[in-house]
Amino acid sequence: METQIKTTKLIKAMKPLTSAMSKMKTMIVATGLIATSISFGASAELGYPEKEELKFGFIKLTDMAPIAVAYENGYFEDEGLYVTIEAQANWKVLLDGVIDGRLDGAHMLAGQPIAATIGYGTKAEIITPFSMDLNGNAITVSNEIWEQMKPNIPKMADGRPVHPIKADALKPVVEKYIDAGKPFNMGMVFPVSTHNYELRYWLAAGGIHPGFYAPHKGDTSGKIDAQALLSVTPPPQMPSTLEAGTIYGYCVGEPWNQQAVFKGIGVPVVTDYEIWKDNPEKVFGITKEFSEKYPNTTIRLTRALIRAAMWLDENNNANRPAAVKILSQSNYVGADYEVIANSMTGTFEYEKGDKRAVPDFNVFFRYNATYPYYSDAIWYLTQMRRWGQISEQKSDAWYADVAKKVYRPDIYMAAVKSLIADKLVPASEFSSLKGEDGYRSPQTHFIDNIVYDGTKPNEYIDKFDIGLKAKDKL
Amino acid sequence: MASLIARLITRKNESVIKAQLPPFIVNFFKAVTLPSIGILIFLLFWTVGANNIDTSLGKFPGPSQVMTQVGNLFNEHVESREKEAAFYERQENRNQARLAKDPMYKPKTRAYTGKETFIDQIITSLITVLSGFVVAAIVAIPLGIAIGLSKSLNTAINPIIQIFKPVSPLAWLPLVTMVVSAVYTSTDPMFAKSFIVSMITVTLCCIWPMVINTSVGVASLNSDWVNVSKVLRLSAFTHIQKIVLPASVPAIFTGMRLSLGIAWMVLIAAEMLAQNPGLGKFVWDEFQNGSSESLSRIMTAVIVIGLIGFLLDRTMMQLQRILSWDKNSEVR
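Put into structure tokens, the structure is as follows:
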């Protein structure tokens with residue numbers, strides 16, 4: 068009995084010690100980071116990776132390109148990392164894989180690490196040291212819906228529709244379906260996906276209500292008050308689900324919009340570039356535990372990904388055809404070369420034959436695409452609040468805190484600095500990141516012309532006509 | 078053509094041919110020509126049918142597309158092996174370089190990280206199905222013998238068997254997956270989790286036909302033989318070894334063949350569902366890719382799956398022939 072008490076006492080006494088030790092560990096890591104960032108000399112050389120065999124997951128989408136390129140061009144091997152890349156069935160399987168350690172890291176939806184950290188869906192601490200790309204999604208509707216939308220869209224002199232097409236053109240169609248008692252179903256890829264928020268943004272900007280979530284009441288289907296009913300379909304299955312008539316339209320990444328054009332089953336109406344110019348899209352997600360346990364590995368994999376992203380955008384997209392060739396291999400995206408090339412090489416085909424130049428449809432490196440901006444994370448949080456996934460009001464400071472927890476520009480910058488020190492990349496490529504505070508300057512270029520300032524999330528949420536206001540609670 | 082075939086297959090003509098031709102030619106004709114004609118007609122129908130089916134991924138693949146894909150898949154395999162060799166060479170060099178800098182480093186050889194080729198997937202599936210099958214046999218045959226010998230044991234266990242027998246092993250799959258990931262947690266596992274999951278699924282579907290057939294075989298033992306055993310006062314073990322086992326070999330093998338056939342079908346479905354490596358994953362990945370070649374690659378896989386299933390069945394049949402005491406009994 069006495070000994071028992073003693074042990075418990077001992078454990079209690081140890082507690083502050085262990086916590087002090089773990090603090091010290093983080094301090095050591097932090098000083099390590101500072102050391103790499105300050106000195107460019109050989110003294111702060113990055114150590115060997117602690118874990119050499121890694122397994123990364125991805126979903127068959129063209130924006131997984133940095134991972135495939137880092138593998139095929141040997142950037143991972145240059146870092147001493149032996150990486151296996153594995154396609155995952157859907158975003159849920161992928162996220163669970165990273166959480167339970169089956170995967171070391173993965174190509175993720177920007178909303179996934181954020182939602183996991185705040186505990187919407189599966190709770191887990193996931194961080195991202197690397198943002199994978201900008202733009203790259205589109206909204207496609209079935210031929211039947213397109214025919215009904217077309218009369219509502221103004222035409223250019225040559226008869227082609229004026230872009231960007233707003234959801235105003237879709238509104239009468241949706242109303243017609245509702246009047247006829249038919250639910251207007253649309254597909255997106257995951258409840259916290261970029262696609263869900265983009266589709267909702269586009270619909271709401273055109274006056275169509277996409278529905279609220281109410282997780283505190285156990286409602287996670289997101290259909291409260293909805294005019295358009297959104298449901299989850301894995302990206303590669305979008306075209307076949309549309310073809311089967313289960314949904315009338317969807318929002319997804321490439322090549323699944325161009326696939327619809329090639330198959331002649333649907334028409335992409337708007338790209339996310341037009342909804343929000345240069346919006347942040349996928350990120351590379353790892354667990355916080357992984358980054359703490361294997362700091363060198365984390366920096367090294369970030370280095371490989373940065374080099375891959377640079378290669379993808381080099382010389383004005385000169386390497387894109389080679390990248391498309393890699394992606395069309397059956398173990399990566401596996402769609403036909405032509406289908407992937409359609410969007411990856413600076414063009415986008417809307418209606419069959421209506422191919423337009425969208426040079427920035429897929430951005431992997433330009434405009435600091437790879438830097439994990441806090442303001443990007445906060446935008447996703449504002450949308451989660453707008454649609455009720457975050458059920459109550461949060462302070463501006465809370466938004467900033469969550470963003471700091473998930474987005475890790477410190478790791479990114481450590482990788483950049485060591486790359487520059489190793490002369491693997493020219494310093495000039497990263498000159499615009501000097502003194503970066505992690506917040507993009509207030510962003511215009513939204514389809515509804517509402518300005519987004521990452522430092523004032525609550526003010527931003529109040530600007531929307533459709534959606535919860537900062538103080539609302541369902 | 079049709080009338081020729083009609084004439085060939087009518088009994089009357091057969092006897093005419095028999096009368097005129099030496100018997101080995103007739104046998105050859107039966108064994109080779111008739112199946113060839115069957116296959117040719119099938120290929121004809123397939124080609125014509127394939128040309129008339131348009132999918133959103135292009136025309137349905139015919140025999141010629143499948144042949145092209147067989148070539149492609151084999152070339153991919155060869156290429157992948159070359160890549161693998163290069164991978165090991167690069168790794169070796171990197172290890173040497175690091176060893177030069179850091180003499181304390183113990184170089185390790187990491188397994189190749191490239192994708193599995195079609196041939197790799199075939200091998201994976203075969204290993205999985207055979208291991209699951211063997212595990213099932215180890216459990217099911219002794220259990221079947223016990224149930225066959227003891228009426229009371231049979232009455233006790235039968236309801237459980239009858240309830241679990243009609244359950245598709247795919248329904249077990251989620252449970253198996255969760256249990257395996259919870260229980261099988263070694264840091265350096267000998268087998269991959271995905272392999273264990275697929276294997277257990279196969280085992281689950283193999284057990285029931287084997288148990289039932291074995292027990293039926295044992296229960297319907299010729300009473301004369303049982304009496305012989307009683308007269309000779311054979312011990313229980315010798316009774317099983319000398320009387321029960323040899324007598325029930327045909328029944329046991331019927332069960333084994335049945336279950337191997339089912340196992341092969343189920344494994345492909347399980348691999349598709351759980352994304353576990355193997356032919357099923359190959360089919361699913363190709364379906365997800367949705368490229369213009371996907372359908373012909375899937376069709377190739379379908380034919381390969383069929384051929385392997387056929388070969389597995391034939392192998393079991395040969396085994397049965399070898400092991401059966403009654404060499405005269407007909408095995409089909």
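Here the protein sequences line up with chains A and B, keeping their order.
Heads up: the first sequence runs through residues 68 to 541, numbered per my numbering.
Heads up: the second sequence runs through residues 78 to 409, numbered per my numbering.
From the three backbone atoms N, C-alpha and C, an ideal C-beta is built for every residue, glycine too.
Model, not experiment: these values are computed from the prediction.
* For residue 303/A, decide whether its Cβ has a neighbour in chain B, counting only Cβ atoms nearer than 9 angstroms. => Locating residue 303/A in the first sequence gives position 236, counting from the first residue. Judged by the 9 angstroms Cβ criterion, residue 303/A is in contact with chain B.
* Asked: Alpha carbon to alpha carbon, how far is residue 106/A from residue 478/A?
  -> As a first step, residue 106/A is located in the first sequence; it is residue number 39 there, counting from the start. As a first step, residue 478/A is located in the first sequence; it is residue number 411 there, counting from the start. The predicted position of residue 106/A is uncertain, since its pLDDT is 37 and thus under 50; a value taken from the coordinates is nonetheless stated next. Linking residue 106/A to residue 478/A through their CA atoms gives a straight-line distance of about 16 angstroms.
* To do: Taking only beta-carbon positions, decide if residue 261/B is within less than 9 angstroms of chain A.
  => Position 184 of the second sequence, counted from the first residue, corresponds to residue 261/B. Closer than 9 angstroms: no.
* Do you know how far the Cα of residue 397/A is from the Cα of residue 208/B? -> What you label residue 208/B is simply residue 131 of the second sequence in a count that begins at 1. What you label residue 397/A is simply residue 330 of the first sequence in a count that begins at 1. Those two C-alpha atoms are separated by around 29 angstroms.
* chain B contacts made by the stretch 320 to 338 of chain A, where a contact means CB separation under 8 angstroms -> Listed by position along the chain: 326, 330, 331, 332.
* Asked: Do residue 319/A and residue 255/A have their CB atoms nearer than 9 angstroms?
  -> The sequence position of residue 319/A within the first sequence is 252, counting from 1. The sequence position of residue 255/A within the first sequence is 188, counting from 1. Taking 9 angstroms as the Cβ cut-off, residue 319/A and residue 255/A qualify as a contacting pair.
* Asked: residue 255/A by DSSP, collapsed to three states: which one?
  -> Position 188 of the first sequence holds residue 255/A. Reduced to three states, the DSSP call for residue 255/A is strand.
* Which of the three DSSP states, helix, strand or coil, is assigned to residue 104/B? -> Start at 1 with the first residue of the second sequence, and residue 104/B comes out as number 27. Here residue 104/B sits in helix by DSSP.
* In this structure, does DSSP put residue 281/A in helix, strand or coil? -> For the purposes of this step, residue 281/A is identified with residue 214 of the first sequence, where counting begins at 1. Residue 281/A falls in the strand class under three-state DSSP.
* **Assumed close pair residue 162/A, residue 183/A - CB separation to whole angstroms, cut-off 8 angstroms** => Taking the first sequence and counting its residues from 1, the one referred to as residue 162/A is at position 95. Taking the first sequence and counting its residues from 1, the one referred to as residue 183/A is at position 116. Beta-carbon to beta-carbon, residue 162/A and residue 183/A are separated by about 7 angstroms, close enough to satisfy the 8 angstroms threshold.
* Asked: So with Cβ pairs under 9 angstroms, would you call residue 151/A a contact of chain B?
  -> In the first sequence, residue 151/A corresponds to position 84, counting from 1. The beta carbon of residue 151/A sits closer than 9 angstroms to some beta carbon of chain B.
* Straight-line gap, residue 158/B to residue 342/A (C-alpha atoms, nearest Å) -> Counting from one through the second sequence, the residue named residue 158/B turns up at place 81. Counting from one through the first sequence, the residue named residue 342/A turns up at place 275. Just so you know, the alpha carbons of residue 158/B and residue 342/A end up roughly 46 angstroms apart.
* To do: Please list the partners that residue 192/B has in chain A, where partner means a Cβ-to-Cβ separation under 7 angstroms.
  => Here residue 192/B refers to the residue found at position 115 of the second sequence. Here the neighbours are 398.
* Asked: Which residues in chain A sit within 8 angstroms of residue 158/B, going by Cβ to Cβ distance?
  -> Indexing the second sequence from 1 puts residue 158/B at position 81. Those do not exist, as residue 158/B stays about 15 angstroms from chain A at its closest Cβ, beyond 8 angstroms.
* Asked: Below 9 angstroms between beta carbons: does that hold for residue 187/B and residue 168/B?
  -> Looking up residue 187/B in the second sequence gives position 110. Looking up residue 168/B in the second sequence gives position 91. Contact: yes.
* If we count Cβ pairs, one from each stretch, closer than 8 angstroms, do we get three or more for the stretch 238 to 251 of chain B versus the stretch 308 to 318 of chain B? -> When Cβ pairs closer than 8 angstroms are counted between the two stretches, the stretch 238 to 251 of chain B is seen not to touch the stretch 308 to 318 of chain B, the count staying below three.
* Please classify residue 527/A: does DSSP put it in a helix, a strand, or coil? => Stepping through the first sequence from its first residue, residue 527/A is reached at position 460. Residue state, collapsed to three classes: helix.
* To do: Taking only the alpha-carbon atoms, compute the straight-line gap between residue 375/B and residue 497/A and give it to the nearest angstrom.
  => Position 298 of the second sequence, counted from the start, is the residue given in the question as residue 375/B. Position 430 of the first sequence, counted from the start, is the residue given in the question as residue 497/A. So the alpha carbons of these two residues sit roughly 46 angstroms apart.
* **Under 9 angstroms between C-beta atoms of residue 321/A and residue 410/A** => Looking up residue 321/A in the first sequence gives position 254. Looking up residue 410/A in the first sequence gives position 343. It is a contact, given that the beta carbons lie within the stated cut-off.
* To do: For residue 495/A, count neighbouring Cβ atoms within 10 angstroms of its own Cβ and tell me buried if that reaches 16, exposed if not.
  => In the first sequence, counting from the first residue as 1, residue 495/A sits at position 428. With fewer than 16 other Cβ atoms within 10 Å, it is exposed.
* Asked: If contact means a Cβ-Cβ distance below 9 angstroms, which residues of the stretch 289 to 301 of chain B contact chain A?
  -> For the stretch 289 to 301 of chain B, which is checked against every Cβ of chain A, not one residue is closer than 9 angstroms.
* Meets three-Cβ-pair contact criterion under 8 angstroms: the stretch 114 to 122 of chain A and the stretch 362 to 375 of chain A -> Judged by Cβ distances under 8 angstroms, the stretch 114 to 122 of chain A makes contact with the stretch 362 to 375 of chain A, as three or more pairs qualify.
* To do: Label residue 354/A either buried or exposed according to how many other C-beta atoms from any shown protein chain fall within 10 Å of its C-beta, with 16 as the threshold for buried.
  => On the first sequence, residue 354/A is found 287 positions in, with the first residue counted as 1. Residue 354/A is buried by the Cβ-count criterion.
* To do: Please state if the CB of residue 403/A and the CB of residue 133/B are separated by a distance shorter than 9 angstroms.
  => If you number the second sequence from 1, residue 133/B lands on position 56. If you number the first sequence from 1, residue 403/A lands on position 336. At least 9 angstroms separates the beta-carbon of residue 133/B from that of residue 403/A.
* To do: Assess, as a yes-or-no matter, whether the stretch 299 to 316 of chain A is touched by the stretch 110 to 130 of chain B under the definition of 3 or more beta carbon pairs within less than 8 angstroms.
  => In short, these stretches do not touch, since the Cβ pair count stays below three.
* What's the gap between the Cα of residue 188/A and the Cα of residue 301/A? -> Here the question's residue 188/A lines up with position 121 in the first sequence. Here the question's residue 301/A lines up with position 234 in the first sequence. It is roughly 17 angstroms from the alpha-carbon of residue 188/A to the alpha-carbon of residue 301/A.
* From 383/A, 272/A, 454/A, pick the residue whose C-alpha is nearest to that of residue 537/A; which is it? -> Against the first sequence, residue 537/A aligns to sequence position 470. Taking the Cα of residue 537/A as reference, the smallest distance to any Cα among 383/A, 272/A, 454/A is reached at 454/A.
* Asked: In three-state DSSP terms, what is residue 122/A?
  -> As a working note, residue 122/A is residue 55 in the first sequence. Strand.
* **residue 95/A - DSSP class collapsed to helix/strand/coil** => Position 28 of the first sequence, counting from 1, holds the residue named residue 95/A. Because residue 95/A carries a pLDDT of 47, less than 50, the predicted location of this residue cannot be relied on, and the following value inherits that uncertainty. In this structure, residue 95/A counts as helix in the three-state DSSP scheme.
* Buried or exposed for residue 380/A, please, with buried defined as at least 16 other CB atoms from any protein chain shown within 10 angstroms of its CB. => If you number the first sequence from 1, residue 380/A lands on position 313. That one is buried.
* **Three-state secondary structure assigned by DSSP to residue 425/A** => Working through the first sequence from its first residue, we reach residue 425/A at position 358. Residue state, collapsed to three classes: coil.
* Go through its chain and collect everything with a Cβ distance to residue 424/A's Cβ below 7 angstroms, but skip five positions before and after it. => Indexing the first sequence from 1 puts residue 424/A at position 357. Cβ neighbours of residue 424/A beyond the five flanking positions: 413, 414.
* Asked: Could one say the Cβ of residue 179/B lies closer than 9 angstroms to chain A's Cβ atoms, at least one of them?
  -> Position 102 of the second sequence, counted from the first residue, corresponds to residue 179/B. Closer than 9 angstroms to some Cβ of chain A, the Cβ of residue 179/B qualifies, so yes.
* DSSP state of residue 147/B, grouped into three classes? -> To locate residue 147/B, count along the second sequence from 1; it is residue 70. Helix at residue 147/B.
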